[in-house]
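Student: One structure is given below, represented as C-alpha cells, and several questions about it will come after.
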Amino acid sequence: MDNAGWQARHRAKKEEERWSRPQRGPDGRYQPVEQVGPLAEPFVGGFKPPPSPAPSIPPTPPAKDDRYQPHYVEPAGPSWTQSPHDQPPAPDPYYSATQQLAHMTAVERSKNLRVAHMDPLLQLMAGPLLRYDTVDAEGVWHGAAMIVTVDAGSVYEPHGPTLTYTWDPNAPPPLSRSQSQASRAKSFDLGPHPADPLSMMHPAANGEYHHHTQTEISQTVPGQEIWVYCGSGGTFTFWRFMIHIPLGAGEMRVLYSINHGQEMEFHVPGRNQNMRWAAYSCNGFSAGVNPDDFRGPGFQSGYDPVWADLLQQHGDEPFHALVGGGDQLYCDGLVREPEMQEWVSTKPPERKKNYPLSEEMRLAIDRFYFNHYCQVFRSGAFARANSSIPMLNMLGEIDGFGSYPDDLMSSPVFSHIGSRGYFFFLLFQCFINVDVDGTDTSRHPFRSLVIGGGGAFVPFPSHSFVSYLGPQVYILLLDCRAERKKDQVCSFAEYQAVFDRTMRLPPQVDHLVVQIGIPIAYPRMVFLETALESKLNPLVALGRAGSMGLSGFVNKFNADAELLDDLNDHWTAKAHKKERNWFIEQLQIYAKRTRTRVTFLSGDVHCAAVGVLKTLVKGKNNPEVPPPSDYRYMLNVVTSAIVNTPPPNGVLTMVSALATKTHRTLHHMETDETMVPVFTQDPNGSSAKSKYIMGRRNWCSVKWQAPSGELVFDIRVEKEKGYGETVGYPVSSPPPRWI
C-alpha cells in the first residue's frame, strides 16, 4: 500500500474509533456527529457589512495544510487559481467595479453597496434553493423556490415569508461574461449568499448593476409552509414558493428576492429555444478521503474547484437547468451517529435484523438528514449553483438501498433509514411533501411528476419526472430506488406510467434523455459479483471473523462483501439483466414508433465514459447502419464525480480492459453494445491511458445544436486536481433520421 493509501486508512480508522465510543453530554443527550446550528447574528436578515475601505487585492490563499478556517471571510476580490502553465490573471474585475464606484455620487455609492436586509427579518438554515419543473403547452415556465427558516430568529408578522420575482419580456438577452468583459480573468468568486456562513458581500464583480425598467413584470407570492422540523435546537420551517413565468421571444434573466432582501437571479430560455443545461453526480467525498487533497490555491475546500468551473461556464453562457444524477450528497455518515452505534456493532447479522427502532434512534435519523442537508445545500460553490440554476434531481442518496436481502430491507431500523432518506430527498431536492401534496398528478403542484407503483421498502410510491428541456428535447428522470428490490429495479406499474407519459409528448420532440443513476451500457463486473457472492470466498470469511485486518471487507449491515451491494445495484447484475434487456427493447420500440432519439445519462461510478447501443452488423464486410438512421443507436453518457475521488488506478485499468469485451446479451434483439473511444488525450495533452474511461473529476454541459439537430454532451474533465479548470470531451447524439 502506498503512503497516501496508508494515511487514508489511518484517518478512517481513527475516525471510526472516535465515533464507535459515543458519550452522553451533561444533558443526557448524545452529541451529533455533524452539528449545524442557526447562523450567527450578523446573518439574520442579511449579510455581514463590508469593512471600509474594501480591499482591492485578493488575500494570499491559506496553506494547504492549514486547517484553521475563520467563521466569516472578510470581503475580498475573487481568488484566482493558477497552474504552472497559466499566464498571470487578467485585471481583477472586483477592483474595476470599485473604481467605477469612486466616480459616483455618495448617494449612488450607498445604494450600490448597501446591504439588503430581509424585511421582516428571517434567519435561514438553508436556501434559497431553486427547482425547475417543466414548461407547459402555453409556453409558461413552472418552477419553485424553497427556504428553511429558524423560527426563533425569524419574524412572521404581519405575514409569512414572500418571494418577489421580476422579469422583462422586452429586455435584450443578458450579456454573457465573455461578451461583457474584454479579457476574462481566471478567477472565481463565490459572491454573496444568504445562507452560507462564509458568504462575502461585495459590489457586482462584473461592474454591472440591475436597473429597473418600465416594461418589467413583477410578481410577489406567499410562501407555503410544507413541513416543520422539530429538533433539540428548536423548530425550523420549510417554505415553498411556486414560480410561473410566461416565456418570451428571447432568453430572459429573472431576478428574485425573499422578503425584499438580497436580489439573486436565474435564467429562462426563449419560447422556441432549447435549453442549455448541466449534469453532474457524486457531490461528496467517500469515507477516508481528505477533501484538502483536492483543494487548489484560493479555494475554501476540495468540494469547490469543479463546481467553480461549472459556475464559470454558467457565467459565460447561463444554464437553464441543473440535473442531479444521483448522490447530490452522501449520507453514509448516518451510521456514525452515536445513537446508532449499538445497532451498528450488533453481531451476528441475524440479531441486527430484529433490532428494535428506539425513539432515540428515530430522532437521530431525522436529525442527521436535516443537519446534513442544511450543511451541504447551503455551503460553498454548490449553494451558489442551486440558488442560481434551477435543479432537476433524481434519487441516489440511499446507497445500495433495495439491493440487500429482503429480510434486512424489511427490518425496523434499516427500513426506517430508507423511508426517512426518501422523505428528505423529496423534501429538500424536489420540494415535495407527500402529506401536503398527495400523489394525484392531476392536482399536484409539479406537473412533470409521474407516480408509479408503491415503494418496495419505503412508504411512498415512486416519483419519476418527465420535463421539457426545449421544443426538441425532453428528459425522463426515472426513479430507480423507491421500488428497488434485489431482483427488481422498477415495477411494471412504474414503467407503464412512464411510457404512458412519454407517448404523449409533442410530435416535434426529437430527443428523449433518460436519466438513470447507474450506467446501463458499461463494462461488466459479473466475475467479481460471482466471487463476492461465493460462500467459499476466503476474504469474506476472514472479514466476517475480523481476522487479518479485513473487517472492512464486509459491510456493517449483514456482513456480505462491501462491494456486493454496489454490484447488485448495477443494471448488468445477474438479478437485473432480464429487466435491463426488456427496458432497452421497450425504448427501442418507443424510439422507432415516435421517431425519437433516446440517450441515457448516468453517474455513480466516479469516472467518465460513453457507452453505446446500436444495430448489430452481421457479417464482416457489411457496413454499420449510420447513427442518424439507426433507431437502436443510444448513447449512455456517464458523468461522475464532480467532487468525489476517482477509483484507484488498478480499478480503472481493469474497467478499461473490460471496455473492449464483446457482449452477446442483446444479439437476439439485433443489438450490439460497446464503449466509445472518446478520450484520445489526457486533459494535459499527453496520451490517454484509456480511450474509454477517464478517471478524473468531471461534469457535463449539454446543448442542442442548430442546424444539425444533434444533442451535444460536452464532458468537462478536471485538468489539474484542485485547480478549478476543465477540458471538454464532446460527444453528439444524432437526430432521428429514420423513416
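Each residue of the sequence shown is one higher than the one before, counting from 1 in UniProt numbering. Where a beta carbon is used, it is the ideal one built from N, C-alpha and C, also for glycine.
Is the separation between the beta-carbon of Glu718 and that of Glu725 shorter than 9 Å?
Tutor: Contact flag set, yes.
Student: Thinking Ala145 and Tyr256 are a contact (beta carbons under 8 Å), I'd like their distance in whole angstroms, please.
Tutor: About 7 Å separates the two Cβ atoms, so the contact holds.
Student: For Met118, name the three-state secondary structure that DSSP assigns.
Tutor: Here Met118 sits in coil by DSSP.
Student: From Pro173 to Ser232, what distance separates their C-alpha atoms?
Tutor: Cα to Cα, the separation comes out at about 48 Å.
Student: According to DSSP, is Ala657 helix, strand or coil?
Tutor: Residue state, collapsed to three classes: helix.
Student: Apart from the five residues just before and just after Pro390, which ones in its own chain have a Cβ nearer than 8 Å to its Cβ?
Tutor: Correct list, in chain order: Leu130, Arg131, Tyr132, Gly143, Phe266, His320, Ala321 and Leu322.
Student: Pro246 bridges to which residues according to DSSP?
Tutor: Answer is Val140, bridged to Pro246.
Student: Does DSSP put Gly284 in a helix, in a strand, or in coil?
Tutor: Coil.
Student: On the three-state DSSP scale, how would you describe Ala126?
Tutor: Strand at Ala126.
Student: Beta-carbon within less than 6 Å of Leu334's beta-carbon, same chain only, minus the 5 sequence neighbours each way: which residues are those?
Tutor: Contacts found: Phe368.
Student: To the nearest angstrom, how far is it from the Cα of Leu564 to the Cα of Lys574?
Tutor: Reliability fails at Leu564, whose pLDDT of 35 lies under 50, so the model's placement of it is uncertain and the value that follows must be treated cautiously. One C-alpha to the other measures close to 12 Å.
Student: Would you kindly work out how many angstroms separate the C-alpha atoms of Glu208 and Asn393, rounded to a whole number?
Tutor: In this prediction, Glu208 scores a pLDDT of 46, lower than 50, which makes its location untrustworthy; the coordinate-derived value is nonetheless stated afterwards. If I take the Cα positions, the gap works out to 32 Å.
Student: By the 10 Å Cβ neighbour count, where 16 or more other Cβ atoms means buried, how is Trp80 classified, buried or exposed?
Tutor: Any reading at Trp80 needs caution, since the residue's pLDDT is 32, under 50, leaving its predicted position unreliable; the model's value is listed next. Buried.
Student: What whole-angstrom Cβ distance do Val638 and Pro730 have, given they're in contact under 8 Å?
Tutor: Contact doesn't hold; Cβ gap of about 15 Å is too wide.
Student: Taking the alpha-carbon of Glu579 as reference, which of Asp304, Leu124, Gln488 and His372 has the nearest alpha-carbon?
Tutor: The residue with the shortest Cα to Cα distance from Glu579 is Gln488.
Student: Hey, out of Gly326, Arg351 and Phe423, whose CA is closest to Val228's CA?
Tutor: Nearest option by C-alpha distance: Phe423.
Student: Work out the CA separation of Glu263 and Thr166 for me, nearest whole Å.
Tutor: The straight-line gap from Cα to Cα measures roughly 10 Å.
Student: Determine the closest residue to Ser732 out of Ile715, Pro291 and Lys721, with distance taken between C-alpha atoms.
Tutor: Minimum Cα distance to Ser732 is reached at Ile715.
Student: Which first and last residues belong to the alpha helix (DSSP H) in which Phe492 is found?
Tutor: From DSSP, the alpha helix (DSSP H) with Phe492 extends over Phe492 to Thr502.
Student: For the candidate residues Gln219, Ala152 and Trp277, whose alpha-carbon lies nearest to that of Leu310?
Tutor: The shortest Cα separation from Leu310 among Gln219, Ala152 and Trp277 belongs to Trp277.
Student: Gly315: buried (16+ other C-beta within 10 angstroms of its C-beta) or exposed?
Tutor: It is buried - the Cβ of Gly315 has at least 16 other Cβ atoms within 10 Å.
Student: Excluding the 5 residues preceding and the 5 following Leu505 in the sequence, name in chain order all residues of the same chain whose CB lies nearer than 6 Å to its CB.
Tutor: Here the set comprises Tyr474.
Student: Give me the Cβ distance between Asp479 and Gly452, rounded to the nearest whole Å; I'm assuming they're in contact under 8 Å.
Tutor: Rounded, the Cβ-Cβ distance is 7 Å, consistent with contact.
Student: For the candidate residues Val612, Val617 and Glu624, whose alpha-carbon lies nearest to that of Tyr692?
Tutor: Looking at the Cα atoms, Val612 is the closest of the given residues.
Student: Could you check how far apart the C-beta atoms of Leu476 and Val509 are, in whole angstroms? I think they sit under 8 Å.
Tutor: With a Cβ gap of about 12 Å, Leu476 and Val509 do not count as contacting.
Student: Per DSSP, what kind of secondary structure is Pro340 in: helix, strand or coil?
Tutor: The amino acid occupying residue 340 in the given sequence is Met; Pro does not appear at that position. Helix, per DSSP.
Student: Have a look at the DSSP bridge pairing and note the partners of residue 757.
Tutor: Limits of the chain in this structure are 1 at one end and 739 at the other, which puts residue 757 out of reach.
Student: Tell me whether the beta-carbon of Leu601 lies closer than 9 Å to the beta-carbon of Gly223.
Tutor: Not in contact: Leu601 and Gly223 (Cβ atoms no closer than 9 Å).
Student: By DSSP's criteria, Lys703 is part of a beta bridge. Which residues make up the other side?
Tutor: Lys703 is bridged to Val712.
Student: Thinking C-beta only, is Leu635 closer than 9 Å to Val676?
Tutor: Yes, the Cβ-Cβ distance between Val676 and Leu635 is below 9 Å.
Student: Around the Cβ of Trp582, are there at least 16 other Cβ atoms within 10 angstroms (buried) or fewer (exposed)?
Tutor: Label assigned to Trp582: exposed.
Student: Quick check on the burial criterion: 16 or more other C-beta atoms within 10 angstroms. Buried or exposed for Glu339?
Tutor: Glu339 is buried by the Cβ-count criterion.
Student: Run through DSSP, which three-state label would Leu392 get?
Tutor: Three-state DSSP puts Leu392 in a strand.
Student: Along the chain, where does the beta strand (DSSP E) containing Leu310 start, and where does it finish?
Tutor: Per DSSP, Leu310 belongs to no beta strand (DSSP E); it is in the alpha helix (DSSP H), Pro305 to Asp316.
Student: Can at least three beta-carbon pairs, one atom from the segment 348 to 357 and one from the segment 408 to 428, be found at a separation below 8 Å?
Tutor: They touch, by the three-pair rule.
Student: Give the C-beta separation of Asp151 and Gly234 to the nearest angstrom, bearing in mind that I take them to be a contact with Cβ-Cβ under 8 Å.
Tutor: That belief holds up - the Cβ atoms of Asp151 and Gly234 are roughly 6 Å apart, short of 8 Å.
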